[in-house]
Each structure stands twice: as structure tokens, then as C-alpha cells.
Ligand code: HEM
């Protein structure tokens, strides 16, 4: 089944009250256009902003409730995952499908949750970065989201 995703194109950080270094730079006029993702630090910014939004989404937040030390590990693994895709660092050692199978057993990863997750990922990426790498992290997440959604939620 295809995901129906509402791509939110026009938005501002103030909508969510999130302050970021990149957004502050733009507000203060020190950058005229948005930069692309350049390094691990940018990925950290992206991932941390994304999860701030996830925690404010009542339908998604419960899935990510975990002890603080587990949370730190999770964040590093997600950052490694994207760093590996974008900069071929070899820093991610795989197993993401298994991780989501486990997550799906605990809290159903419904189509609605996939749509919300992806909408927030697109929104966060677009609020911070623009360029080929920003496009890549959106299209790769969409591709993976569609595969997982088909696996967990197809009727047949
Ligand atoms: C309904 C949507 C989704 C939910 C609720 C969800 C939830 C989760 C959860 C609960 C974990 C495990 C956290 C832990 O216990 O360490 C996880 C890991 C992860 N998720 Fe998702 N996820 C979703 C969609 C996606 C998508 C579309 C991607 C695409 C990139 C993705 C990328 C990852 C990565 C890279 C990890 C770390 C895997 C690892 O530890 O090896 N997730 N996710």
C-alpha cells in the first residue's frame, strides 16, 4: 500500500517554538540561503530537532519512551545511520529492520504513525537544510518507510 503523505512545504520554526542554531542564523540575517547538510554536527542538529517534534506528537511519543541511557544509544545509532548513508563512514552496523520489528511488537507501527513520522522528518529537514543531501535524507526515509509500512500493515 502506498503511503499518502502530506508534504508540508511552507512552514516556520516558530510554528513549533523550536530554536536552532541554523534557524537563529537565518533569523539574524547572517545567512541568505539555507545550506545543505555538511557534516555529523548537522546530522545531530537534524535528528535532535526531529525528536523534539516527535516527543510533542501524542500518537508517536509513547513509542519512543525509554530509559535515558537507552535513548542516548538510540540517538547515536540514528546519527550513525544517516552519517553512513551521507558520508560512507561505515559508522552504522545495521539491523534496522529487526529493531522496527521489535518496536512494532511493542507498539503497533500503524500507517498513521508512518505518515506522521515521515511528515515530521520532511518538515524538520526542510526547516533546517536545502540541497542534495537534504533531498536524499527525505527520499531515503520515504523509501524505507514505505517498505516497513507494507511489511507491517498490508492486509494480504
Ligand atoms: C512509524 C514510524 C516509525 C516509528 C514509530 C519508529 C520507531 C523506532 C523505534 C521505537 C526505534 C528503536 C529505538 C530503540 O529502542 O533503540 C527506531 C529505531 C530506528 N529508526 Fe525508526 N521508527 C519509524 C520509522 C522509521 C523510518 C521511516 C526510518 C527511516 C530512516 C527510521 C529509522 C530508524 C533508525 C535508523 C533507527 C535505529 C536503528 C538501530 O538501532 O539500528 N525509522 N525507530
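Residue numbers (the working numbering): 1 to 156.
For every residue, glycine included, the Cβ atom is placed at its ideal position computed from N, Cα and C.
It should be emphasised that the depicted structure is a prediction, and the values quoted were computed from it without experimental measurement.
Option in the options with minimal Cα separation from residue i
i           : options           : result
residue 138 : 111, 122, 129     : 122
residue 45  : 128, 90, 61, 113  : 128
residue 83  : 140, 149, 154     : 140
residue 114 : 73, 88, 90, 142   : 142
residue 86  : 109, 111, 42      : 42
residue 110 : 71, 147, 51, 91   : 147
residue 150 : 40, 100, 133, 135 : 100
Within 7 Å, strictly: CB atoms of residue i and residue j
i           : j           : result
residue 94  : residue 36  : no
residue 116 : residue 57  : yes
residue 49  : residue 124 : yes
heavy atom of the ligand HEM below 6 Å from residue i C-beta
i           : result
residue 109 : yes
residue 137 : no
residue 117 : yes
residue 81  : yes
Residue i - DSSP class collapsed to helix/strand/coil
i           : result
residue 145 : helix
residue 60  : coil
residue 129 : coil
residue 139 : helix
Expected contact under 8 Å - CB spacing of residue i and residue j to nearest Å
i           : j           : result
residue 79  : residue 47  : 5 Å
residue 59  : residue 112 : 7 Å
residue 120 : residue 145 : Contact flag wrong, Cβ pair sits at about 11 Å.
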